[in-house]
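Scroll down for the structure; my scribbles are underneath it.
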Amino acid sequence: MSDLIQNVETENDINKIPTAVESSEPSVLSDIYQSGKNMVIWQRKNSNQIDNTVDSILESKKSLKLVMEVTPQSIQADLLRVLDELDSDKALSYDIYQLVDMFCFLFELKSVGLRLTTLQEPMCPRFHVDKVGCRLITTYKGNGTQWLPHEIVDRSKLGAGNKGLSDDLSGIYKKETDIKHLTCGDVALLKGEAWIGNENAGIVHRSPPVPKDEMRLVLTLDILP
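Numbering (the working numbering), first residue to last: 195 to 419.
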């Protein structure tokens, strides 16, 4: 992980309650380096070309699970081998390339771990934190990731602390309106527990429910160990 992640925190920074920040400008992604931020959201909508490509993929490939290490130089060719004519105008491939390039630039990486997956049920249905430094996530089709503001969460209810109770009964949050949602197309950086100085402050999130007969298409990018 880039040494840049090892931020120098002031005494005031340490006492800050981690918050999420959102903006329609992609430059907001660099705010992830601020010690008082555990999630940044670039608010955007998919283009019509991307929506059309995604619909074609879901109609033709009922199950897509692409997991690979990629570089900004290799990603478009890698996707072409998988998507072939389904991405005829290359709109989706180019969008993913841009996200890979931005992620690598932001964290000074040569390669990243990419996962592009269709989902008919939640991949991670329980609220949890990631044991990573930072993860990028965007949903190309379907409902976006659900998350909880830091000040709302009872972290004692994470994992085994829920005592076998579902999220709505465990007390991890107080009311349904506490749950926030990413919108389809949004690009989010989720700061995890492995980010230096972010221990016990990783953003708490989960996969959203998937309605019957519907599918999601989700992209995640991870810093490789």
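We put the beta carbon where it would ideally sit given N, CA and C, even for glycine.
DSSP, read as helix, strand or coil, puts residue 418 in coil. Residue 397 holds the alpha-carbon nearest to the alpha-carbon of residue 344 among 393, 321, 299 and 397. For residue 305 against residue 418, the beta-carbon gap comes to about 6 Å, under 8 Å, which counts as contact. A residue is called buried once 16 or more other Cβ atoms fall within 10 Å of its Cβ, and residue 310 is buried on that count. Note: residue 375 is bridge-paired with 340 in the DSSP secondary-structure output.
DSSP places residue 308 inside the beta strand (DSSP E), whose first and last residues are 306-313. Contact between residue 381 and residue 293 holds: their C-beta atoms lie close to 7 Å from each other, under 8 Å. No residue range can be given for residue 318, since it is assigned to no beta strand (DSSP E) and is classified by DSSP as neither H nor E. For residue 231, the three-state secondary structure derived from DSSP is strand. Residue 263 is bridged by DSSP to 307. Taking a contact as a CB-CB distance under 8 Å, the pair residue 415 and residue 297 counts as one, their CB atoms being some 5 Å apart. CA-CA distance, residue 361 to residue 258, rounds to 28 Å.
Just so you know, the alpha carbons of residue 260 and residue 356 end up roughly 32 Å apart. Assignment of residue 215 by DSSP, reduced to helix, strand and coil, places it in the strand class.
DSSP, read as helix, strand or coil, puts residue 271 in helix. In the DSSP assignment, residue 331 forms a beta bridge with 382 and 414. If you draw a 10 Å sphere on the C-beta of residue 282, you find fewer than 16 other C-beta atoms in it, and that means exposed.
With a cut-off of 8 Å on Cβ pairs, the stretch 324-337 is in contact with the stretch 235-248, counting three or more such pairs.
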